[in-house]
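Numbering (the numbering used here), first residue to last: 111 to 312. Working notes, beginning with the structure itself.
Here it is as structure tokens:
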């Protein structure tokens, strides 16, 4: 099962990704984790990324794409993977298409988490309040001002991927505002349908 989870910050992608990891036994791949692992492993592309980061610069698409390509070639990705937080742009989406085509594999689905932006902000505020009440540290992202900036960035750069994958007939949607277990059930149902479609085509 090869999946992309698509949706704004706070939509619940991380929670559902962990459930998919447990159900399908495939890894969740986030760019941050992949970058850190490549740097720590000292791979060729990891060294390039480290040099850029040490210089205080942003890691280029070319380096991020190379790290993703390197990661999906690892044995634990043989049966699939979940891309979370990547691709973020149309350029990166094209890169994903190319790297999968080169390997003779394809995405099974792109799952869009449909959410209400105002409700999302409320969800973030509640999470911060709950953390404070429990005496736990509040995540830096659980700040309404910071969150809304991330939300704007998402709609500017990543939201165009919704149309991109819709045109490729890969897009599936779930209600990201529903209770966690309901979202999980929605995802499982749509993936079961995708699997049936794949078997029928074969």
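Virtual Cβ for every residue (Gly too), placed ideally from N, Cα, C. Predicted model only: the values in this text are computed from it and were never measured.
Reference residue i; option with closest CA among the options
i: residue 254; options: 119, 124, 115; result: 119
i: residue 227; options: 117, 111, 112; result: 117
i: residue 188; options: 201, 210, 200, 197; result: 210
i: residue 170; options: 115, 303, 202, 185; result: 202
CB contact flag (residue i, residue j, <8 Å)
i: residue 224; j: residue 285; result: yes
i: residue 111; j: residue 281; result: no
i: residue 217; j: residue 114; result: yes
i: residue 72; j: residue 139; result: Because residue 72 is not part of the residues shown, which for the chain are 111 to 312, the question remains open.
i: residue 174; j: residue 160; result: no
i: residue 269; j: residue 252; result: no
Straight-line gap, residue i to residue j (C-alpha atoms, nearest Å)
i: residue 240; j: residue 146; result: 30 Å
i: residue 142; j: residue 178; result: 11 Å
i: residue 250; j: residue 219; result: 31 Å
i: residue 265; j: residue 245; result: 33 Å
i: residue 154; j: residue 271; result: 30 Å
i: residue 222; j: residue 275; result: 10 Å
i: residue 166; j: residue 229; result: 35 Å
Supposed close pair residue i, residue j - CB separation, criterion 8 Å
i: residue 122; j: residue 293; result: 6 Å
i: residue 248; j: residue 242; result: 6 Å
i: residue 231; j: residue 258; result: 7 Å
Stretch-stretch touch, CB-based, cutoff 8 Å, three pairs: the segment 190-203 with the segment 122-130
Enough Cβ pairs lie closer than 8 Å, so yes.
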